[in-house]
Structure formats: C-alpha cells, structure tokens
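Novice: Structure provided below as structure tokens; questions to follow.
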Amino acid sequence: MASHPIGPGAVPPSEWNTSSQVYTHSHVMACLRAGLIALVLLGVLALIVLT
236 MASHPIGPGA VPPSEWNTSS QVYTHSHVMA CLRAGLIALV LLGVLALIVL
286 T
C-alpha cells in the first residue's frame, strides 16, 4: 500500500491536488468493482439458499 512520505522530502502542496484526484478516481473504481462482486456473491448465495 503506497503512502506519501512525511518530512523534508514530502510532496509540495501544489501536487497534492492532482494526487488526490487520481486517488479519488481509483478509489471510486475500486468501490464499484467491490460492489459488483458483492452483488454477484449475494446472488450466488441466494441461489444456494433458495434451491
């Protein structure tokens, strides 16, 4: 898991905005993928229980 360095070598504030936008986009994509997987697993579980 990547983390931003804290200290003298930290990223300047001007670059934080673009970094947060990239993180937000990848975070949204990961959440959508996780939600899709959860729905598929829920459907499989429902089939098992109802059969």
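In our numbering, the protein residues as written are 236 to 286. Note that CB positions come from ideal geometry on N, CA and C, so glycine has one too. If you're wondering where the values come from, they're calculated on a predicted model, not measured in any experiment.
#1: Alpha carbon to alpha carbon, how far is Leu277 from His260? Give it in angstroms, no decimals.
#2: Specify the secondary structure class of Thr286 as computed by DSSP and reduced to three states.
#3: Roughly how many angstroms lie between the CA atoms of Val284 and Leu267, to the nearest whole one?
Specialist: Straight from the coordinates:
#1: Position 25 of the sequence shown, counted from the first residue, corresponds to residue 260. Position 42 of the sequence shown, counted from the first residue, corresponds to residue 277. Cα atoms of His260 and Leu277: separation of roughly 26 Å, rounded to the nearest angstrom.
#2: As a first step, residue 286 must be located in the sequence shown, where it is residue number 51. Three-state DSSP puts Thr286 in coil, outside helix and strand.
#3: Against the sequence shown, residue 284 aligns to sequence position 49. Against the sequence shown, residue 267 aligns to sequence position 32. Just so you know, the alpha carbons of Val284 and Leu267 end up roughly 26 Å apart.
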